[in-house]
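Same order as they appear, the protein sequences are chains U and X.
Going by the working numbering, the final residue of the first sequence carries number 406, and the count climbs one at a time with no gaps.
Going by the working numbering, the final residue of the second sequence carries number 1137, and the count climbs one at a time with no gaps.
Cβ atoms here follow ideal geometry from the backbone N, Cα and C, with glycine treated the same way.
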Amino acid sequence: MSKAKAGAALVTRRKFILSAGAATLLGGCQSRPVSAFLNAMQDWNGGFQAWLYAPSRLAPELPLSAQTPEAAIPVYYVSDFLPQAPPNWTLSIGGLVRRPMVLTLAQLQRMPAVEMRVQHHCVEGWSAVASWRGVRVADLARLVDAQPGARYVEFRSFDSNYWSSWDRASAFHPQTILVYEMNGHPLTAEHGAPARIYSAVKLGYKMVKYLSAIDFLPAPSGGYWEDQGYDWFAGV
Amino acid sequence: MQSKMEVPPCPSLRKRRQQPWPIRLTHWFNVLFVILLAGSGLQILAAYPALGPRGALYRWYPFQGIAPPQALQLGGWLAGGRHWHFAIAWLFVINGAIYLAYFWGSGEWHRRLFLIRRDGRTTLWQLAFYLRLSKSPPPPDFYDGPQRLAYSGVIGLAAVMVLSGLAIYKPVQLHFLTILFGGYDGARAVHLAGLGLIALFAVLHLVLVLSHPRELVKMVTGGQRE
C-alpha cells in the first residue's frame, strides 16, 4: 500500500483516460451502422445479464487459505491523491425513502454485521480474495424504508464524486454490503476508508469506495466508468 | 477425390455439391466472426495480460505481463473490446448453431465427422504415408482421416471456447460452469489456450488450403455435384 501503489493507480487512471480518448477517436472512425450494431448488442447484453441474474444465487464463501495477500490487491481511485475521509465523516441515505438518515461510522458499526470472504472480479480480468465485514445494503434500505418505486440505488463517494448506480435486485443481494472492515482490520484509505460497497455479484468498478451517500432512485443515474462506455449492469 | 468411399454415402448426400451453400455461408461468416472475436479478445487480455489470481500468478505461463501486439487488438480500449467481444459472441453462437443444425439434419456429418471406428485406422495410415512410413496412401475419400480429425476437433474447440467464455463472463451466475474449468482463473487460462489452438488450426488450415487451391475454390463455388 506504498506510494508506489498509489502511483500505479494513477498511471492506470491516466491510461484509462488516454484510452478513453482513443476510443472516442476510434468511435469517430466507426461507421454509423457499426456503432448502431454495437449499441443494440450492448442493450441486448444488459437485458441478458439482468435476466440471468438470480437474486437467491450466492457466490461461494472461500476459506482463509484462499485469501490474497493484501499488498497484492491493486488500489484504484480516480482523484489525483489518495482520498482522505473528512473529519466527522457521515453517510447520508436518501432519495425515495420514508426516513432519510445521516449515519456516523459508530452507528453503522452498531447495526447487525455480516462477514464474507468471496472472489473479487475486476473488469480488467484479474481476481483476488479478501474478507469483508459490514452491513447489508438491504438492511440499510429497511432502516430508511426505501419505497417500492426505488428501483435503482446510487452509491456516491468523496473520491472526486466517483459514483455508480445499481439495479435494486443486485443492491439488495445478501452478499452486497457496506463494508467498514477488511481482512479483520478497519478499512485502510487505499481500500476505501471509512466505508465502501462490496458485492459478490458485480464487477469491481460498481463497488464504490470512499462512500459518502446512498440514494434510492426511480431511474438509473449512470456511473463514473459507465458514462464513459463501460457496461452498466456489470454483473458476474 | 469423390471416387470410392469406405462408408456408402447416405441417399440425401447424392447430387449435392461438395461444399453445399449452407456450409459455405456459415464457413465465411465464421472466418469473419473468429477474426473479430480474436482481436477483441486480445484487447481484453491486454488490460491484464497475466494468468492466475493476484498474488498467485501461474508459474507455468511464460508470457506473464506481456501484452499482445497492439496491431492485433480490436476495440480501442477495454470497454470497446468488451462491447465487440460480447456482441460478436452472439453471432458466432447463432452461426455455429445454424451450421450444426445443417450438419446434423442434412446428413453432411456422414462425410465430415471424425468417427473413430471408420477413421481411426485410416488417419494413422495417412499420417504414416505423410511420414513416408507407408508406401501407399489409404483409399481416397471425401476427406482423409487427419482432415476429419482436425475439422471435427475445431468444432469441439468452438464449444469449449463458448463455455469457457461464459464461465469467465458469469463466474457467479454460471458457477457450475466455472467450476468445470477449474474456477475463474482456470477458465481464463482455458479460454486463452483455446485461442492459441484456434490460431494453430488457422495457420495449418491456411497453409494446406493454399497448397491445394482447388479446395479454396470449392469453398467459394461449392464444387461438383456428387
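Should U/Ala389 be labelled buried (16 or more other beta-carbon atoms within 10 Å of its own) or exposed? As a first step, residue 389 of chain U is located in the first sequence; it is residue number 219 there, counting from the start. Exposed, because fewer than 16 other Cβ atoms sit within 10 Å of the Cβ of U/Ala389.
Could you say which of U/Val272, U/Tyr380, U/Arg321, U/Asn331 lies nearest to U/Gln254 if we only look at CA atoms? In the first sequence, residue 254 of chain U corresponds to position 84, counting from 1. Residue U/Tyr380 is the option with its Cα nearest to U/Gln254.
Endpoints, the beta strand (DSSP E) within which U/Trp333 is located: Counting from one through the first sequence, the residue named residue 333 of chain U turns up at place 163. First-last of the beta strand (DSSP E) with U/Trp333: 333-337.
What in chain X is Cβ-close to U/Met211, meaning under 8 Å? One-based indexing of the first sequence puts residue 211 of chain U at position 41. What U/Met211 touches in chain X: His994, Phe997, Ala998, Trp1001.
I'd like to know if X/Pro1082 contacts chain U, where contact means its C-beta is closer than 8 Å to some C-beta of that chain. What you label residue 1082 of chain X is simply residue 171 of the second sequence in a count that begins at 1. Taking Cβ atoms only, chain U reaches closer than 8 Å to X/Pro1082, which makes this a yes.
Beta-carbon gap between X/Asp1096 and U/Ser369 smaller than 8 Å: By 1-based counting over the second sequence, the position of residue 1096 of chain X is 185. By 1-based counting over the first sequence, the position of residue 369 of chain U is 199. No, Cβ-Cβ distance for X/Asp1096 and U/Ser369 is not below 8 Å.
By the 10 Å Cβ neighbour count, where 16 or more other Cβ atoms means buried, how is X/Ile1027 classified, buried or exposed? As a first step, residue 1027 of chain X must be located in the second sequence, where it is residue number 116. Burial call: exposed.
Same chain only: Cβ atoms within 6 Å of X/Ser1063, ignoring 5 sequence neighbours per side: On the second sequence, residue 1063 of chain X is found 152 positions in, with the first residue counted as 1. Excluding residues within five positions, the ones whose Cβ falls inside 6 Å are Leu1024, Phe1025.
Near-chain X residues of the stretch 279-293 of chain U - C-beta to any C-beta below 9 Å: Val288, Gln289, His290, His291, Cys292, Val293
Considering only C-alpha positions, which residue in the set U/Ser226, U/Phe403, U/Phe325, U/Ala316 is nearest to U/Ser382? Residue mapping note: residue 382 of chain U aligns to position 212 of the first sequence, counting from 1. It is U/Phe325.
Relative to the C-alpha of X/Ile999, which residue among X/His1021, X/Val1073, X/Gly1105, X/Ile1109 is closest? Against the second sequence, residue 999 of chain X aligns to sequence position 88. It is X/Val1073.
Could you check whether the Cβ of X/Ile946 sits closer than 8 Å to any Cβ belonging to chain U? As a first step, residue 946 of chain X must be located in the second sequence, where it is residue number 35. So no, X/Ile946 is outside the interface.
Anything in chain U within Cβ reach of X/Arg1099, meaning under 7 Å, just list it in chain order. Position 188 of the second sequence, counted from the first residue, corresponds to residue 1099 of chain X. Result: Gly295.
If the cut is a Cβ gap below 8 Å, which residues of chain U does X/Arg965 touch? Here the question's residue 965 of chain X lines up with position 54 in the second sequence. Within 8 Å Cβ-Cβ: Thr238, Ala242, Ile243, Pro244, Trp296, Ser297, Ala298.
Check whether the Cβ of U/Ala359 lies closer than 7 Å to any heavy atom of the ligand ADP, and answer yes or no. In terms of ligand content, the structure shown is empty, and the ligand ADP therefore cannot be addressed.
Close Cβ partners of U/Val378 (< 6 Å) along its chain, the five nearest in sequence each way excluded: Along the first sequence, read from residue 1 onward, the residue named residue 378 of chain U stands at position 208. Correct list, in chain order: Phe325, Ser327, Ser334, Ile367.
Contact under 8 Å by Cβ, U/Ala339 with U/Pro230: For the purposes of this step, residue 339 of chain U is taken as residue 169 along the first sequence, with counting starting at 1. For the purposes of this step, residue 230 of chain U is taken as residue 60 along the first sequence, with counting starting at 1. No. Outside cutoff.
Thinking C-beta only, is U/Val267 closer than 8 Å to U/Gln317? By one-based count along the first sequence, residue 317 of chain U stands at place 147. By one-based count along the first sequence, residue 267 of chain U stands at place 97. Yes, the Cβ-Cβ distance between U/Gln317 and U/Val267 is below 8 Å.
Endpoints, the alpha helix (DSSP H) within which X/Ile1027 is located: Stepping through the second sequence from its first residue, residue 1027 of chain X is reached at position 116. Taken as a continuous stretch (DSSP letters only), the alpha helix (DSSP H) holding X/Ile1027 covers 1027-1041.
Between U/Leu222 and chain X, is the shortest Cβ-Cβ distance under 8 Å, so that the two count as touching? The residue labelled residue 222 of chain U in the question sits at position 52 within the first sequence. Output row for U/Leu222: interface = yes.
Once you ignore the five residues that flank X/Gly963 on each side, which residues in its own chain have a CB closer than 6 Å to its CB? Your numbering for residue 963 of chain X matches position 52 in the second sequence. Closer than 6 Å at the Cβ level, and outside the excluded window around X/Gly963, lie Tyr969, Asp1096.
Taking only beta-carbon positions, decide if X/Leu1091 is within less than 8 Å of chain U. What you label residue 1091 of chain X is simply residue 180 of the second sequence in a count that begins at 1. No, X/Leu1091 does not count as interfacial toward chain U.
Quick check on U/Arg227 - is its C-beta less than 8 Å from some C-beta in chain X? Translated into the one-based positions of the first sequence, residue 227 of chain U becomes position 57. It does: the Cβ of U/Arg227 has a partner Cβ on chain X nearer than 8 Å.
Identity of the residue in X/Gly1076, X/Arg1125, X/Gly1094, X/Val1083 nearest X/Val1004 by Cα: Along the second sequence, one-based indexing puts residue 1004 of chain X at 93. Comparing Cα-Cα distances from X/Val1004 to each of X/Gly1076, X/Arg1125, X/Gly1094, X/Val1083, the minimum goes to X/Gly1076.
Contact list for X/Tyr1095 against chain U, beta-carbon separation under 7 Å: Along the second sequence, read from residue 1 onward, the residue named residue 1095 of chain X stands at position 184. Here the neighbours are Gln289, His291, Ser297.
Just to check my reading of the structure: X/Glu1126 and X/Val1120 have Cβ atoms closer than 8 Å, yes? What is that Cβ distance to the nearest angstrom? Position 215 of the second sequence, counting from 1, holds the residue named residue 1126 of chain X. Position 209 of the second sequence, counting from 1, holds the residue named residue 1120 of chain X. That belief holds up - the Cβ atoms of X/Glu1126 and X/Val1120 are roughly 5 Å apart, short of 8 Å.
With a threshold of 8 Å between beta carbons, is U/Gly198 in contact with chain X? Taking the first residue of the first sequence as position 1, residue 198 of chain U is located at position 28. Here the model assigns U/Gly198 a pLDDT of 49, short of 50, so the residue's position is not dependable and the matter cannot be decided.
For U/Thr238, I'd like the list of residues in its chain whose CB is within less than 6 Å of its CB, leaving aside the five on either flank, ordered along the chain. Your numbering for residue 238 of chain U matches position 68 in the first sequence. Cβ within range, chain order: Ala298, Val299.
Rounded to whole angstroms, how far is the Cβ of U/Leu411 from the Cβ of U/Ala365, which I believe are closer than 8 Å? Absent from the model: residue 411 of chain U. The displayed extent of chain U is 171 to 406, so no value can be given.
U/Val314 and U/Arg280: beta carbons closer than 8 Å? Walking along the first sequence from the start, residue 314 of chain U turns up at place 144. Walking along the first sequence from the start, residue 280 of chain U turns up at place 110. In this structure, U/Arg280 does not lie closer than 8 Å to U/Val314 by Cβ.
Please decide whether X/Leu943 counts as near chain U, where near means a Cβ-Cβ distance under 8 Å. Residue 943 of chain X sits at position 32 when you count from the first residue of the second sequence. So no, X/Leu943 is outside the interface.
Counterpart residues of U/Thr274 in DSSP-defined beta bridges: Counting from 1 along the first sequence, the entry for residue 274 of chain U is found at position 104. U/Thr260, per the DSSP bridge assignment.
Where the stretch 386-403 of chain U meets chain X: residues whose CB sits under 9 Å from a CB there: Trp395, Gln398, Gly399, Tyr400, Asp401
Let me check one thing: in DSSP terms, what residues is U/Glu324 bridge-paired to? The residue you call residue 324 of chain U lines up with position 154 of the first sequence. DSSP, once it has assigned bridges, lists U/Ser335, U/Asp385 as partnering U/Glu324.
The beta strand (DSSP E) enclosing U/Ile347, as first and last residue numbers: Position 177 of the first sequence, counting from 1, holds the residue named residue 347 of chain U. Its beta strand (DSSP E) spans residues 346-352.
Output the distance between the C-alpha atoms of U/Phe251 and U/Val245, rounded to the nearest integer angstrom. Counting from 1 along the first sequence, the entry for residue 251 of chain U is found at position 81. Counting from 1 along the first sequence, the entry for residue 245 of chain U is found at position 75. One C-alpha to the other measures close to 12 Å.
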